[in-house]
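A.B. asks: Residue numbers (the numbering used here): 23 to 351.
Here you go:
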């Protein structure tokens, strides 16, 4: 079968190759999935480049432990292990597999049954594959707010990506006034999602503004988190969902101290893959949420797409059709 394989860290287009590898055989608690669609995520960029270097403690210090990236998928069950009781052959499934494995950038994958859910009718495989990771992070970030009823003004940094674009919609549904931070090329898209105000981070230092926010969601963490303290309201909450390892480590220790001696709260949202996934997916089926999908692109473009993701120029999610009928419901 075909898979996107890498043997060393580096730029995606230099180290990733479309390679023929052996089709996996499911273990007793695994299912073999024919992958119809997959996506590009931050994990893929980190796995392939080996950056930030701290991630190599998980992915392999000298060289990658895993040969195939990819954490999101949607597809159909082709074979089940002897102890599998949640699925049968022919089930359409989707999910974020990162709690159990990686390797969704392949034509087939054997993965633990608990890494998947039944794909809702009404969603194509491309749509379903685009939901679990970013939507899960966005919802779980809002779950960290202790006094959600008091949240009126929200700032989202990195608002044009997968997590940020969903967070705008969640904030608007809660009646919040939303300020979205990203590049000016994305302003029209952000305003269509419901952003009340837009800021180009390249020309404006939004941490020095006069406005204060009840909730700040940082999808980039590209600057020291303490810079946000001056624009965070009393009893406000700052949540990071990823970014610079140095800043995240600083946030971890700084947050502990600040949470002890201040009414302001600084947190890191840890992803729990597939938590409430079926409920979240139903919101897309019911058109209560929308997801921007770039693509679907073809399988062989994955190396270039991971590099494109790293540039930060994409809108919403980047999706790949692994098999030709992935766009059908």
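Every residue, glycine too, gets a C-beta built ideally from N, C-alpha and C.
1. If you draw a straight line from the C-alpha of residue 144 to the C-alpha of residue 63, how long is it?
2. Pick from 140, 167, 69: whose alpha carbon is nearest that of residue 259?
3. Please classify residue 192: does DSSP put it in a helix, a strand, or coil?
4. Anyone know if the C-beta pair for residue 222 and residue 205 falls short of 8 Å?
5. Can you list, in chain order, the residues of its chain with a C-beta nearer than 8 Å to that of residue 130? Leave out the 5 residues immediately preceding and following it.
6. Rounded to whole angstroms, what's the CA-CA distance from residue 86 to residue 257? Just pull it up for me.
7. Which of helix, strand or coil does DSSP assign to residue 59?
8. Counting along the chain, where does the alpha helix (DSSP H) carrying residue 80 start and finish?
9. Run the CB neighbour count on residue 340, radius 10 Å, all protein chains shown included, and call it buried at 16 or more, exposed below.
10. Just list the residues that DSSP pairs residue 179 with in beta bridges.
11. Report, in whole angstroms, the separation of the C-beta atoms of residue 158 and residue 118, which I expect to be a contact under 8 Å.
12. Buried or exposed, going by whether 16 or more other CB atoms sit within 10 Å of the CB of residue 264?
13. In three-state DSSP terms, what is residue 155?
14. Would you say residue 344 and residue 317 are within 8 Å of each other, going by their C-beta atoms?
15. Could you check the C-alpha separation between residue 27 and residue 43 for me, to the nearest Å?
16. Using the Cα positions of residue 66 and residue 215, report the straight-line distance between them to the nearest angstrom.
17. Are the Cβ atoms of residue 193 and residue 261 separated by less than 8 Å?
18. Going by DSSP, what residue range makes up the beta strand (DSSP E) through residue 216?
19. Counting beta carbon pairs with one atom in the region 181–192 and one in the region 329–339, are three or more of them shorter than 8 Å?
20. Is it buried or exposed, residue 112, if we count other Cβ atoms within 10 angstroms and call 16 or more buried?
21. Here's the rule: buried if 16 or more other CB atoms are within 10 angstroms of the residue's CB, otherwise exposed. What is residue 249?
22. Run through the DSSP bridge pairs and tell me what residue 289 is partnered with.
23. Below 8 Å, how does it come out for the region 149–158 and the region 293–303: are there three or more Cβ pairs, yes or no?
24. At the level of alpha carbons, what is the spacing between residue 238 and residue 314?
25. Which complete alpha helix (DSSP H) runs does the region 87–146 hold, if anything under 4 residues is left out?
26. Tell me whether residue 225 sits in a helix, a strand or coil according to DSSP, three-state version.
27. Going by alpha carbons, who is nearest to residue 39 out of 324, 284, 338, 319?
28. Using the Cα positions of residue 116 and residue 329, report the straight-line distance between them to the nearest angstrom.
29. In whole angstroms, give me the CA-to-CA distance for residue 135 and residue 108.
30. In the DSSP output, which residue or residues are listed as bridge partners for residue 313?
31. Looking only at its own chain, which residues have a Cβ that is under 7 Å from the Cβ of residue 231, when we skip the five neighbours before and after it?
C.D. replies: Based on what the coordinates show:
1. 24 Å
2. 167
3. helix
4. yes
5. 23, 45, 46, 54, 55, 56, 57, 100
6. 42 Å
7. strand
8. 78–81
9. buried
10. 203, 240
11. 6 Å
12. buried
13. helix
14. no
15. 9 Å
16. 26 Å
17. no
18. Taken as a continuous stretch (DSSP letters only), residue 216 belongs to no beta strand (DSSP E), as it is neither H nor E.
19. yes
20. exposed
21. exposed
22. 261
23. yes
24. 22 Å
25. none
26. coil
27. 324
28. 24 Å
29. 7 Å
30. Answer is none; residue 313 lacks a bridge partner.
31. 253
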